[in-house]
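In the order they appear, the protein sequences are chains C and Y. When we follow this note's numbering, the leftmost residue of the first sequence carries the number 1, and every step to the right adds one. When we follow this note's numbering, the leftmost residue of the second sequence carries the number 132, and every step to the right adds one. Note that the Cβ used here is the ideal one computed from N, Cα and C, for glycine as well. All figures in this text were calculated on a predicted structure; none of them were measured in a lab. The structure under discussion appears below in the form of structure tokens.
Number of protein chains: 2
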Amino acid sequence: MTAPSPDPLDTVFAALADPTRRAILTMLLEDDMAVTDVAEPFSMSLAAISKHLAVLADARLITQEKRGRVKWCKLEPDALRAASVWMQGFGQFDPVDLDAFERFLETELDGPTGAFSDTENAAEFDANSAS
Amino acid sequence: MTAPSPDPLDTVFAALADPTRRAILTMLLEDDMAVTDVAEPFSMSLAAISKHLAVLADARLITQEKRGRVKWCKLEPDALRAASVWMQGFGQFDPVDLDAFERFLETELDGPTGAFSDTENAAEFDANSAS
DNA sequence: GGCATATTCAACCGAATGGTTGACGATCCC
DNA sequence: GGGATCGTCAACCATTCGGTTGAATATGCC
């Protein structure tokens, strides 16, 4: 924590660059989750997921609150605002295609408890399986 | 190049995670530039900038076209669209705050030839100088 | 041809990343 | 108290990243 203070965009974009972390964010979009539950769909150790969550928390993309012995992870979409503004400036796209995102989500998420469909996106949850 | 085919979002976000590369994109927003001219404001070797440009090209954030002995770099904002859509889905921010971006740019860019103001953002062009 | 310019290549280096395993500290519950 | 569960810590490992330097490859110009 002695780091000077790198541009917040650095840490936000770096956090988003990992498919596991993006998948975690997508899961948290549905609901707050405990660390163990976040880890469940991934074929990777709990410690690894814990590290990913630390990266997301460092980028302020999530917050973590310990209640009892379970630590709850909550999406913090505000952290994306600066990054989003930065990106939007380049494209001058059509204003926010939220419909496209909802369509994307429908293929990404299946049930409310983290049971994912085995579409093309399922690969994101077992990145090592990619040949 | 034997890599399977990672999610394009991986490479786009990873490319955006570096302040030097974001600065390059900002410069290219003004105009196409040759590699040497891109490198000029940075306190880093030409080879390093060449690598950064390769990363940006790999993420399809820029294209490079060789005319004569000089290679021109051109911004390709389309590559940001998918990433932007992905991000927007989390925030449900107010639709595209382009004004905020233009204000940001005014502090970022000074002249049309790569002369940057020495505001807070100038640090991005000599990242090593950050204590 | 011969020299200067533009850009990349190759080898190397230190630091950061993403993962593992095993031990550890908290907390819940009987 | 004591066992099970939750989560992190510490050490380790292989790979990637961001940078350097020096040589090599085009290309333009006289």
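Under the criterion of beta carbons closer than 8 Å, A188 (chain Y) and V143 (chain Y) do not qualify as touching, at roughly 12 Å. Residue-level contact check: F144 (chain Y) touches chain C, since one or more beta carbons of chain C fall below 8 Å from its beta carbon. For the pair L61 (chain C) and P77 (chain C), the Cα-to-Cα distance works out to about 6 Å. Of the residues Y:R212, Y:G220, Y:F221, the one whose Cα lies closest to the Cα of G89 (chain C) is Y:R212.
DSSP places L46 (chain C) inside the alpha helix (DSSP H), whose first and last residues are 46-58. In summary, P19 (chain C) is buried, with 16 or more beta-carbon neighbours lying within 10 Å of its beta-carbon over all protein chains present. Taking all protein chains shown into account, S174 (chain Y) has fewer than 16 neighbouring C-beta atoms within 10 Å of its C-beta and is therefore exposed. Rounded to the nearest angstrom, the gap between the Cα atoms of W72 (chain C) and D138 (chain Y) is 28 Å. One thing to note: M158 (chain Y) has its Cβ no nearer than 8 Å to the Cβ of V166 (chain Y). Within chain Y, the residues placing a beta-carbon under 8 Å from that of P19 (chain C) are P137, D138, L140, D141, ordered along the chain. Counting of Cβ neighbours within 10 angstroms places R153 (chain Y) among the buried residues, the total reaching 16 or more.
Contact between D141 (chain Y) and A47 (chain C) is ruled out by a C-beta separation of about 22 Å, above the 8 Å threshold.
In the DSSP assignment, R22 (chain C) falls outside any beta strand (DSSP E) and within the unbroken alpha helix (DSSP H) covering 19-30. Using beta-carbon distances, A214 (chain Y) counts as an interface residue toward chain C, with a partner under 8 Å. For A59 (chain C), the number of other beta carbons within 10 angstroms of its own is at least 16, and it is reported as buried.
As the crow flies, the alpha-carbon of Q195 (chain Y) is around 14 Å from that of L160 (chain Y).
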